[in-house]
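Inspection log for the structure reproduced underneath, given as structure tokens.
In mature numbering (1 follows the signal peptide of the UniProt record, and there is no 0), the protein residues as written are -21 to -1, 1 to 384.
Printed below as a string of structure tokens:
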């Protein structure tokens, strides 16, 4: 939606009279879209910035939209999220945020957030509605704008940031993902769907912009759902193994950390292992076959300690058939000539030097529980960078700031 020009015609290739089949949907487009999601999942979340803080640092007045336009949701809270795109080629999330802060009263338009490949800027609280998609939608939905970018890599980064942010909002408001694009029923809406099923607007974004990249709204919804499931992941320990998880979702927000080569000091496993004085490697120790779950992204290594290009995500469950010490570091044997660093599974006990909160996969605080100074906490692998801060992973989907240890 190109909000800067409030009276505009639809900019997408589709019109409201067209079918719901999206432009470019075919075998190649499907492959391209899947590739974009796969690429997106290799990127880390940039973190959420808040407009009032950005403006304060720049000495610019924050023109609070909801001060005089407090739009209350019809059911007291958001019912879903509308996905927009700006249709403003070359304008970044920052450009849009600054413009809307200055001009919203003149253009009669405002949204909750702008997203691009480098930033997620939340304009205002999501407790109140905005002027983004007509009177009906404005009293129902949170509304998020995706800025246009110029390259495929930037597009993948931008939809990744958008999907992670939207998934977090779903959790925040206790909403479950449900694609409304094709039937007008659910929690994840395109502006196109609002126009078709609710009215009060005639825009068709982000369909046309997505199709430019061989991408579909359905693919974007799958990316949101992926992160929603990941952010809600939990783990359960088992006495039969150092850890096992019922959750199969893999961790991406921690993928900015180049999967751990991890700490040499790992806790001992119940699996017996042979040791060797050799500085290079030892024979793999025979052990009872057990299932073990990665708690940190990890590369697969060969029997000689050479790292391969294969990266396994946190949450992946392996059948472990033995252990091996390579150059002083313990590995688990997880397949034919395949090994993972053991501390990504066993973890390392660390003592908190400060009271600490627990955070999720995108750096949002999970609840109000405080881990007290002096508590021993098991962490997995090396440090993980989420946004601009470093964390240690404490489960498939939980993190504690590294500075607290």
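For each residue, glycine too, the CB sits at the ideal point set by N, CA and C.
Alpha helix (DSSP H) segment containing residue i, residue limits
i: residue 90; result: Note, residue 90: premise wrong, no alpha helix (DSSP H); not H, not E.
i: residue 312; result: Per DSSP, residue 312 belongs to no alpha helix (DSSP H); it is in the beta strand (DSSP E), 308 to 314.
i: residue 151; result: 131 to 151
i: residue 113; result: 113 to 117
For residue i, three-class secondary structure by DSSP
i: residue 122; result: strand
i: residue 326; result: coil
i: residue 194; result: coil
i: residue 20; result: coil
i: residue 204; result: helix
i: residue 369; result: strand
i: residue 228; result: Bear in mind that a pLDDT of 37 at residue 228, under 50, signals an unreliable position, so the model cannot answer this.
i: residue 175; result: helix
i: residue 362; result: strand
i: residue 108; result: strand
i: residue 269; result: strand
i: residue 319; result: strand
i: residue 337; result: strand
i: residue 375; result: coil
i: residue 221; result: Confidence is the limiting factor: at residue 221 the pLDDT is only 34, short of 50, which leaves the residue's position unreliable and the question unanswerable from this model.
i: residue 384; result: coil
Residue span of the beta strand (DSSP E) that contains residue i, given as start and end
i: residue 297; result: 296 to 305
i: residue 350; result: 344 to 350
i: residue 168; result: 167 to 169
i: residue 378; result: 378 to 380
i: residue 289; result: 286 to 291
i: residue 395; result: Missing from the structure shown is residue 395; the chain here goes from -21 to 384 and no further.
i: residue 128; result: No beta strand (DSSP E) contains residue 128, which DSSP labels as neither H nor E.
i: residue 101; result: 99 to 101
Sequence-distant residues of its chain with Cβ nearer than 7 Å to residue i (five each side left out)
i: residue 73; result: 98 and 100
i: residue 465; result: Look at the range of the chain in this structure, -21 to 384, and you will see that residue 465 is not part of it.
i: residue 18; result: 135
i: residue 29; result: 101
i: residue 381; result: 362, 369, 370 and 371
i: residue 118; result: 50, 52, 53 and 108
i: residue 367; result: 26
i: residue 343; result: 147
With 16 other Cβ atoms within 10 Å as the buried cut-off, status of residue i
i: residue 147; result: buried
i: residue 151; result: exposed
i: residue 65; result: buried
i: residue 276; result: buried
i: residue 333; result: exposed
i: residue 27; result: buried
i: residue 316; result: exposed
i: residue 158; result: buried
i: residue 49; result: exposed
i: residue 68; result: exposed
i: residue 129; result: exposed
i: residue 268; result: exposed
i: residue 349; result: exposed
i: residue 292; result: buried
i: residue 308; result: buried
i: residue 140; result: buried
i: residue 323; result: buried
i: residue 80; result: buried
i: residue 386; result: Outside the displayed span of the chain (-21 to 384) sits residue 386, for which this structure offers no information.
i: residue 295; result: buried
i: residue 358; result: buried
i: residue 47; result: exposed
Residues near residue i in its chain [Cβ-Cβ closer than 6 Å; skip 5 each side]
i: residue 355; result: 328 and 330
i: residue 341; result: 24, 143, 147 and 232
i: residue 154; result: 166
i: residue 210; result: 146, 150, 339 and 340
i: residue 284; result: 305 and 306
i: residue 282; result: 316
i: residue 280; result: 286 and 318
i: residue 377; result: 337
Cβ shell of residue i (< 8 Å), same chain only, five flanking positions each side left out
i: residue 35; result: 41
i: residue 116; result: 61, 122, 168, 173, 177, 179 and 180
i: residue 70; result: 78, 126 and 127
Near the ligand SAM: residue i beta-carbon under 7 Å from a heavy atom
i: residue 320; result: Ligands are entirely absent from the displayed structure, and the ligand SAM is therefore not among its contents.
is_contact[residue i, chain D] using C-beta, thresh 8 Å
i: residue 62; result: Reference to chain D is not applicable here, since this structure consists of a single protein chain.
Fully enclosed by the segment 23 to 76, which alpha helix (DSSP H) runs are 4 residues long or longer? 30 to 37 and 44 to 47
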